[in-house]
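The block underneath contains the structure these notes are about, expressed in structure tokens.
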Amino acid sequence: METGTIPTAEVPGPFDLQATLESGQTFLWTRRDGRMYEATVPTGDNAWYRTVIDGAGVALRQSDAGLEWRATTDPTEELRERLGLTDEMATAIAALPDDGLTGMAKAAFPGLRVVNEPFFPTLVSFILSAQMRVERIHALVQTLSERYGTAHRIGEEVVHAFPEPADLAAVSEAELRELGLGYRAPYVTATAEMVAEGVLTANDIRGRDYEDARETTTGYVGVGEKVADCVLLFSLGYPDPVPLDTWIRSAIDEHYPDVRGDDYASTSRALRDRLGPYPGVAQTYVFHYLRHRDAIEAPV
DNA sequence: CTCCAGGGAGCCT
DNA sequence: AGGCTCCATGGA
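Written as structure tokens, this is what we have:
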């Protein structure tokens, strides 16, 4: 077991670990006190998050000194990639429009980053996300990991990796339904088979222009345009996707009424033109802000 | 009780 | 292509 710290001074721009990990972009981390998505800031040992990176357990928390980690090998470079601790991300955030919703969101959560998480876990996570609350998506992803993923140690603690495609594909639909996946169970099975058998993989998507990549991604079962946008934004590093979920659609009605188009593609294009040079970053900020707006405007 | 959640597939015109 | 209906489950 090694420990280390990424000093705050070595992270470009402001960074907020809690906002980044608890904003519904990734469901692959768990907090030690098990109380994610609540309107409170964890302190001390409660602030440790854990996940598996490249087959090794990693624990991480933010303190005044920076990002403290515990792992068997130094995860600093992987963390920079996965958590957006890059100059490019800092530049994109600084370029967010200061007016309107993005301005409010940036003021409220200046350290929020867009993540870049592994492809298959992100794909399955957002297949599960259909008609499901953020807290429950996280619970189901963790259940799948505990049941079908490999266990790894971080000292005395245990953390489970998200299942490999073949291992998830081997689980019966009935069993997945028992876990609470509902009608999404056959989607997960079919998509896991496609990835495991190489029918459609991340390499078939990378490198394509954004809208082409989105159409290709909808080739998975249970993946429509919205889920495809989430996968491209939170896993494959595309800067343009603006996933049109219920929150963003209501924000369009409230703040950008002229943006609403006939279909997903045209609405998406029109909204992108309003959100500045990094639409995906802006959308991520707006989504997180909308979900916490009440608590911000009426603090207890 | 009803309504809603980071929607999508299947079917119909 | 575009519109409609149904789909599981849990929390408010």
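Residue 0 is where the first sequence starts when you use numbering that gives the first Met the number 0, and the numbers rise one by one after that.
Just so you know, even glycine gets a beta-carbon here, dropped at the ideal spot from N, CA and C.
1) Quick one: grab the DSSP three-state call for P6.
2) Using a Cβ-Cβ cutoff of less than 8 Å, which residues in the same chain neighbour V123 once the five nearest sequence positions on both sides are dropped?
3) Is the Cβ-Cβ distance between L78 and H254 less than 8 Å?
4) What residue does the beta strand (DSSP E) around Y48 start on, and which one ends it?
5) How long is the line joining the alpha carbons of G206 and A8, rounded to whole angstroms?
6) Ignoring anything shorter than 4 residues or poking outside the segment 147-223, list the alpha helix (DSSP H) runs there in chain order.
7) Please classify E67: does DSSP put it in a helix, a strand, or coil?
8) What separation, rounded to the nearest whole angstrom, lies between the Cα atoms of M103 and S22?
9) Leaving out five residues on either side along the sequence, give the residues of the same chain with a beta carbon under 7 Å from the beta carbon of V239.
10) Tell me which same chain residues have a C-beta within less than 7 Å of the C-beta of R176, skipping the five on either side of it?
11) Nearest to I204 by CA position, among V222, L231, G181 and L178, is which residue?
12) Under the rule that 16 or more other beta-carbon atoms within 10 Å means buried, what is D228, buried or exposed?
13) Here's the rule I'm using: 16 or more other beta-carbon atoms within 10 Å means buried, otherwise exposed. How should Y237 be labelled?
14) Might you give, ordered along the chain, the residues of its own chain that have their beta carbon closer than 7 Å to the beta carbon of D244, omitting 5 neighbours on each side?
15) From R292 to T42, what does the alpha carbon distance come to, in whole angstroms?
16) Go ahead and pull the three-state DSSP assignment for T121.
17) If contact is defined by three or more beta carbon pairs under 8 Å, each pair taking one atom from either stretch, is the segment 128-139 in contact with the segment 83-96?
18) Could you work out which residue in P117, V198, M0 and W68 is closest to G304 when comparing CA atoms only?
19) Give me, in chain order, the residues of the same chain whose beta-carbon lies closer than 8 Å to that of R49; leave out the 5 immediate sequence neighbours on both sides.
20) Going by CA-CA distance only, name the one from R112, F26, T2 and I5 that's closest to Y288.
21) Quick check on this structure: which residue in E174, D86 and D98 has the alpha carbon closest to the alpha carbon of P13?
22) For R69, count neighbouring C-beta atoms within 10 Å of its own C-beta (all shown protein chains included) and say buried if the count is 16 or more, exposed if not.
23) Please classify R259 as buried or exposed, where buried requires at least 16 neighbouring CB atoms within 10 angstroms.
24) Return the residue from the list G221, A201 and R268 that minimises the CA-CA distance to A212.
25) Note down the Cα distance separating A165 from G33, rounded to an integer number of angstroms.
26) Compute the Euclidean distance between the alpha carbons of I300 and L127, then round it to the nearest angstrom.
27) Are the Cβ atoms of F286 and E116 separated by less than 8 Å?
28) Inspect the beta-carbon positions of R81 and V114 and report whether they are closer than 8 Å.
29) Is S62 helix, strand or coil when you go by DSSP?
30) Please identify the residue among Q24, D53, L274 and W47 whose C-alpha is closest to the C-alpha of H151.
31) By the 10 Å Cβ neighbour count, where 16 or more other Cβ atoms means buried, how is P120 classified, buried or exposed?
32) Between G181 and F125, what straight-line distance do the alpha-carbon atoms span, to the nearest angstrom?
The structure says:
1) strand
2) V140, L143, F161, L167, V187, T190 and A191, listed in sequence order.
3) Their beta carbons are not under 8 Å apart, which means L78 does not touch H254 by this criterion.
4) Y48 to I52
5) G206 and A8 have their C-alpha atoms spaced approximately 33 Å apart.
6) 164-168, 172-177, 184-195 and 209-216
7) Judged by DSSP in its simplified three-state form, E67 adopts strand.
8) 16 Å
9) Reading the sequence as shown, one finds Asp at residue 239 and not Val. Y209, R271, P278 and G279.
10) A184
11) With respect to the C-alpha of I204, the residue from V222, L231, G181 and L178 having the closest C-alpha is L231.
12) Here D228 is buried, its C-beta having at least 16 other C-beta atoms within 10 Å.
13) buried
14) K225
15) When only Cα atoms are considered, R292 and T42 end up about 23 Å apart.
16) helix
17) no
18) Residue 304 falls outside the range modelled here, since the chain spans only 0 to 299, and no answer is possible.
19) W28, T29, R31, G56, V57, A58, L59, I153, E156 and V158
20) R112
21) D86
22) buried
23) exposed
24) A201
25) Between A165 and G33, the C-alpha separation is close to 29 Å.
26) Since the first and last residues shown for the chain are 0 and 299, residue 300 lies out of range.
27) no
28) Yes. Within cutoff.
29) strand
30) D53
31) buried
32) Using only the alpha carbons, I get a separation of about 14 Å.
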